[in-house]
Amino acid sequence: MTPVSINTGRLRSPFYPRLAELDSLNTWHNWAGYSSAEALYCEDMEYFAIRNSTGVFDITPMTKYRITGPDALDYLNRLVTRDMRKIKPGRVAYAIWCDDQGQVIDDGTIFHLREGEYRLCSQERHLAWLTTAAIGFDVTVKEETAEIAALAVQGPTSYSVLKNMGIDGLDSLKPFGLIHHQIFGTELMVSRTGFTGDLGYELWIDPDKAIDLWDALFAAGKLHGIQAIGTHALDLARKEAGYLAPFEDFLPAETTVRTGRTRSPLEIGMEWLVDFNKDNFNGRRALLKEKAEGSTWRLVKLDIEGNKTADHSYIYADDKKNSDEIGFITSAAWSPVCKQNIALGTVRTPHGKPGDNVWVEVYYQREMHWNRVMAKATVVDKPFWFPARRGMTPPAPF
Amino acid sequence: MKKYDAIVVGAGHNGLANAAFLAKAGMDVLCVEKNDYIGGAAVSRELYQDWKYSNCSYVCSLLRPEIYRNLELHKHGLQITPYGGSVQFMENGDYFGSYHDPEAAHREMARHSKHDADAYTRYSTDTMRQCRLIRNFLLRTAPDPTSFKPRDIKELMLLGNKFLELGEDRLYEAIRFWTMSVADYLGEYFETDVIKTALSGSGIIGTALGIHSPGTAYVLLHHYMGDVDGNVGSWGFARGGMGAVSNALAGALQSYGGEIRSESGVDQIIVKNNRVQGVALESGEEIYAPVVVSNMDVKRTFLNCMDEKDLPASFYNRIKNFKIRGSSGKLNIALDGMPTFPALPPGSELIGHADMHFIDSMERMERAYDDWKDGTWSKDPYIDCTIPSAVDPTMTPPGKHFMSCFVQYCPAQIEGRAWTSEERDAFTKSVIDQISNYSPDFKDLILHVETRTPQDIEDQIGITEGNIFHGELTMDQLLFNRPVPGYAQYRAPVNGLYMCGSSTHPGGGVMAAPGANAAREILYDLKLKNTVPENFGDD
Ligand SMILES: Cc1cc2nc3c(=O)[nH]c(=O)nc-3n(C[C@H](O)[C@H](O)[C@H](O)COP(=O)(O)OP(=O)(O)OC[C@H]3O[C@@H](n4cnc5c(N)ncnc54)[C@H](O)[C@@H]3O)c2cc1C
Numbered sequence: 001m002t003p004v005s006i007n008t009g010r011l012r013s014p015f016y017p018r019l020a021e022l023d024s025l026n027t028w029h030n031w032a033g034y035s036s037a038e039a040l041y042c043e044d045m046e047y048f049a050i051r052n053s054t055g056v057f058d059i060t061p062m063t064k065y066r067i068t069g070p071d072a073l074d075y076l077n078r079l080v081t082r083d084m085r086k087i088k089p090g091r092v093a094y095a096i097w098c099d100d101q102g103q104v105i106d107d108g109t110i111f112h113l114r115e116g117e118y119r120l121c122s123q124e125r126h127l128a129w130l131t132t133a134a135i136g137f138d139v140t141v142k143e144e145t146a147e148i149a150a151l152a153v154q155g156p157t158s159y160s161v162l163k164n165m166g167i168d169g170l171d172s173l174k175p176f177g178l179i180h181h182q183i184f185g186t187e188l189m190v191s192r193t194g195f196t197g198d199l200g201y202e203l204w205i206d207p208d209k210a211i212d213l214w215d216a217l218f219a220a221g222k223l224h225g226i227q228a229i230g231t232h233a234l235d236l237a238r239k240e241a242g243y244l245a246p247f248e249d250f251l252p253a254e255t256t257v258r259t260g261r262t263r264s265p266l267e268i269g270m271e272w273l274v275d276f277n278k279d280n281f282n283g284r285r286a287l288l289k290e291k292a293e294g295s296t297w298r299l300v301k302l303d304i305e306g307n308k309t310a311d312h313s314y315i316y317a318d319d320k321k322n323s324d325e326i327g328f329i330t331s332a333a334w335s336p337v338c339k340q341n342i343a344l345g346t347v348r349t350p351h352g353k354p355g356d357n358v359w360v361e362v363y364y365q366r367e368m369h370w371n372r373v374m375a376k377a378t379v380v381d382k383p384f385w386f387p388a389r390r391g392m393t394p395p396a397p398f
Numbered sequence: 399m400k401k402y403d404a405i406v407v408g409a410g411h412n413g414l415a416n417a418a419f420l421a422k423a424g425m426d427v428l429c430v431e432k433n434d435y436i437g438g439a440a441v442s443r444e445l446y447q448d449w450k451y452s453n454c455s456y457v458c459s460l461l462r463p464e465i466y467r468n469l470e471l472h473k474h475g476l477q478i479t480p481y482g483g484s485v486q487f488m489e490n491g492d493y494f495g496s497y498h499d500p501e502a503a504h505r506e507m508a509r510h511s512k513h514d515a516d517a518y519t520r521y522s523t524d525t526m527r528q529c530r531l532i533r534n535f536l537l538r539t540a541p542d543p544t545s546f547k548p549r550d551i552k553e554l555m556l557l558g559n560k561f562l563e564l565g566e567d568r569l570y571e572a573i574r575f576w577t578m579s580v581a582d583y584l585g586e587y588f589e590t591d592v593i594k595t596a597l598s599g600s601g602i603i604g605t606a607l608g609i610h611s612p613g614t615a616y617v618l619l620h621h622y623m624g625d626v627d628g629n630v631g632s633w634g635f636a637r638g639g640m641g642a643v644s645n646a647l648a649g650a651l652q653s654y655g656g657e658i659r660s661e662s663g664v665d666q667i668i669v670k671n672n673r674v675q676g677v678a679l680e681s682g683e684e685i686y687a688p689v690v691v692s693n694m695d696v697k698r699t700f701l702n703c704m705d706e707k708d709l710p711a712s713f714y715n716r717i718k719n720f721k722i723r724g725s726s727g728k729l730n731i732a733l734d735g736m737p738t739f740p741a742l743p744p745g746s747e748l749i750g751h752a753d754m755h756f757i758d759s760m761e762r763m764e765r766a767y768d769d770w771k772d773g774t775w776s777k778d779p780y781i782d783c784t785i786p787s788a789v790d791p792t793m794t795p796p797g798k799h800f801m802s803c804f805v806q807y808c809p810a811q812i813e814g815r816a817w818t819s820e821e822r823d824a825f826t827k828s829v830i831d832q833i834s835n836y837s838p839d840f841k842d843l844i845l846h847v848e849t850r851t852p853q854d855i856e857d858q859i860g861i862t863e864g865n866i867f868h869g870e871l872t873m874d875q876l877l878f879n880r881p882v883p884g885y886a887q888y889r890a891p892v893n894g895l896y897m898c899g900s901s902t903h904p905g906g907g908v909m910a911a912p913g914a915n916a917a918r919e920i921l922y923d924l925k926l927k928n929t930v931p932e933n934f935g936d937d
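Chains as they are written, first to last, in the working numbering: chain A, 1 to 398; chain B, 399 to 937.
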């Protein structure tokens, strides 16, 4: 028997050869075991590709599960907090799933690929939980992360790029819709989804055809400003869109050791994803109780005065002395597109209602020296960046 | 004849730590050791020329960083190098590896079971939660739950608060955890035999219990609650072998003016009018001090070195019934080169650098225990095999290796009587044969073997039945029940007599916490300034 050997280093996505050609910065980090580029040539320019033309980001490392079987829908409905019956074939749902205590295990997207056939994508790996939650259902949950190569194609010209590639059906493809397209002798799945809050798509294909897809995409995008991007650009875009990052804005319950550090969906602004009208789902009892008794935490989007980025700042109540500490910032950035000082944070209820003012203690460094300001901030309830093009169907060519 | 402020009996690492903190407080301290070397079970010995053997303990993680820092052990030569990884060789020719890098570890686990690879997240989170709870109490004296002294009440409240902080659901989890078996605990997360087997080993190391015995989940914790540089659960090698820990503690002790006398075994602890007077050595010499601290296990201290008439009868009886059953043996092997392991891919980082185990099923683990219950050594044992010389260049000449094989199970006596030399040889053979099954050139590379049955360990370093923890780590013998209820605060029922060995809270392992905690209590009684550091906060 020849010894079995595994790759004990970082995996490379099927797009790696193309990314490596474009990379001039050599800054890669670990994403679920894969090498993922933080930036390829210039973080700032990559960000503006998302907002001004088209940025392409390799999302192959995203954990993917195929969920099939007669009870697939019932299973998902028991797993996640929202009502999956409303998600018809060809539609995609953003969803949250909880443990028995109603604490968030993770968030992710569920693609209703075809009648009764689903794909669940998430940041973390959950096969153990997905299997545990399948008890009593005639359903198959199969991990398929490495079997699908995927790209996020995001930005105002993304529609034109894909159209130019010969993909049909884009004109009627609404946000959170998906279509199947035959290309390179295989099936390409195109979903109008993304993590940037802009017009954008995600492409899903057999890894053997990954390079063909990349080449066709970049050829089609040549005149539309297509650029490959890294995680830093994406992270800035997601903050502008008000999207949460696990381990920053909330902690997946299964990884959280300390009591009181997990969050319920109600505490991270996801009440709209919890449907108490449907039958039993995991965490329902605990969440009903929390709804009746009140939550401890509230996730807030903050518009902060001034221009000093409020990373890791404490948040204080808007009272006489501003000394009542009520929470902390979890993600912060200067938004180039909004020209706003933005942040996501967590505060203790009843603080943080939309329209409330709070104070943020910002430490910032200028030429080695540290300074401190107390900056006033307003709680907003809409994403910071929500352009009309994001929802337009058909999209404009821009 | 010189009179000391305190005499510590035994220069094991806990005795040395205890003496160091007393000396640091300005006391005139003498540490007497029966052997011609110090360290007890934390020792490096040259038993084969140019080879250093960590011939008892072999890996370091539990040593309290607070003590390391406070006694400036780095100045006295101590250095701990982390190492990672383990491998489980399988009968079908495959292996299950575990890697330092979490992604590599996940990938390898997924090769055996994708479910289990993902389940590991919750397992390690849940286990870490239990670790964090117990870690609060390592450098504290266990409170006496029946006492109304303000100190005890304060400590009890702290204990209570730490439990309550867990919240209701997790409080139940904790209580279950402390009493359940490691097999049941693992069964709640994993479905794959080899993965469960790999993780179950830590539940039975040094323990006269099987993987299905209640209480073994806690033993698992005892192997996870340590840390190397804040990485909880990591293990490391002491550069120069485990003796480096004891030597550094001895260096600290001497730097504070303390003395060590080796080859000075204590025959009797002298007591008059329920007050300790000093010790009588085996040579007949008597040395006097108002404080005597025993680093020996409690059975040796109270049953062998004292007159039972000086002790309360029920205490004596409880000590007699203290569970300290020998269950582990050891082989220390000098190798002419690195053995090959054909199951592993060439160049694998696991070769030499990982903890190796040659058992792959829960069934085999339990059968190994059955042999022990039958009064004999495991014919198909659980071996925790490391090659410290692959990491530490000071252990052997270049290219040569020292292999440490910790063997579970191995009884203190064979069917109730002493080991014969044929049986020792047969025990040695079962270990070597098991390894040879996975390494064809292993036998040919052997230059020297030291075999240590629990009987040998008892004869050489005086641990009753050779029990590695100076008494089993089950709930009835932990915290305020260790060693026995009512005497968990290091004070013996004789004025001036204290206990500082691993029979006391928080138990065995190269931790130095019992020694340090006992010093805190002694200094408290003497109204001297405390020199023992507090737990680093971990919130
Ligand atoms: C085989 C084995 C492997 C182990 N592996 C590990 C490991 O890898 N990692 C780990 O953390 N722990 C390990 N342990 C456990 C750990 O080594 C012990 O729990 C710890 O070293 C005990 O320290 P101690 O100071 O309490 O007692 P001891 O080390 O037992 O010290 C007691 C000292 O007292 C002396 N003494 C006894 N009687 C007398 C007398 N009458 N007069 C004078 N002196 C006397 C002895 O010689 C000895 O020096 C292992 C133990 C063993 C036996």
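Idealized CB from N, CA, C, for every residue including glycine.
Thinking C-alpha only, which one of the options is nearest residue i?
| i | options | result |
| --- | --- | --- |
| Glu464(B) | Phe825(B), Asn835(B), Met793(B) and Gly628(B) | Gly628(B) |
| Phe840(B) | Tyr888(B), Ile785(B) and Leu556(B) | Ile785(B) |
| Gly907(B) | Cys454(B), Gly475(B) and Tyr518(B) | Cys454(B) |
| Asp303(A) | Pro354(A), Ala245(A), Leu287(A) and Asn322(A) | Pro354(A) |
| Lys163(A) | Val190(A), Ile59(A), Ala286(A) and Lys289(A) | Val190(A) |
| Ala237(A) | Thr132(A), Val347(A), Gly197(A) and Ile342(A) | Gly197(A) |
| Asp940(B) | Phe535(B), Met801(B), Leu845(B) and Gly638(B) | Only positions 399 to 937 of chain B appear in this structure, which leaves residue 940(B) out of reach. |
Going by the CB atoms, is the gap between residue j and residue i shorter than 7 angstroms?
| i | j | result |
| --- | --- | --- |
| Phe867(B) | Gly913(B) | no |
| Arg82(A) | Ala95(A) | yes |
| Tyr34(A) | Pro61(A) | yes |
| Gly169(A) | Ile183(A) | no |
| Tyr417(B) | Leu651(B) | Checking the displayed sequence, the identity of residue 417(B) turns out to be Ala instead of Tyr. Contact: yes. |
| Leu420(B) | Ala810(B) | no |
| Asp324(A) | Ala317(A) | yes |
| Gly225(A) | Thr157(A) | yes |
| Val161(A) | Gly221(A) | yes |
| Met897(B) | Ser692(B) | yes |
So does residue i have its beta carbon nearer than 6 angstroms to some heavy atom of ligand 1?
| i | result |
| --- | --- |
| Phe825(B) | no |
| Ser35(A) | no |
| Ser5(A) | no |
| Met793(B) | no |
| Lys432(B) | yes |
| His621(B) | no |
| Phe867(B) | yes |
| Ile205(A) | no |
| Cys529(B) | no |
| Asn645(B) | no |
Please compile the residues from chain A whose C-beta is within a distance smaller than 8 angstroms of the C-beta of residue i.
| i | result |
| --- | --- |
| Asp625(B) | Chain A residues near Asp625(B): none, gap ~14 angstroms exceeds 8 angstroms. |
| Thr523(B) | Glu254, Thr255, Thr256 and Val257 |
Cβ closer than 9 angstroms: which chain B residues qualify as neighbours of residue i?
| i | result |
| --- | --- |
| Arg285(A) | In chain order: nothing, as chain B lies at least about 13 angstroms away. |
Can you pull the chain B neighbours of residue i, defined as C-beta to C-beta under 7 angstroms?
| i | result |
| --- | --- |
| His351(A) | Near His351(A) there are no residues of chain B at all, since even the closest Cβ is about 23 angstroms away, more than 7 angstroms. |
| Ala128(A) | His513, Asp516, Ala517 and Arg520 |
| Glu290(A) | Those within 7 angstroms of Glu290(A) in chain B number zero; the least Cβ separation is about 14 angstroms. |
Find the residues of chain B that neighbour residue i, judging by a C-beta separation of less than 8 angstroms, and give them in chain order.
| i | result |
| --- | --- |
| Arg125(A) | His504, Ala515, Asp516 and Thr519 |
| Asn282(A) | Simply none; closest approach about 15 angstroms. |
| Val446(A) | Outside the shown range of chain A (1 to 398) lies residue 446(A), about which nothing can therefore be said. |
| Gln103(A) | Within chain B, no residue comes near Gln103(A); the closest Cβ sits about 11 angstroms away, beyond 8 angstroms. |
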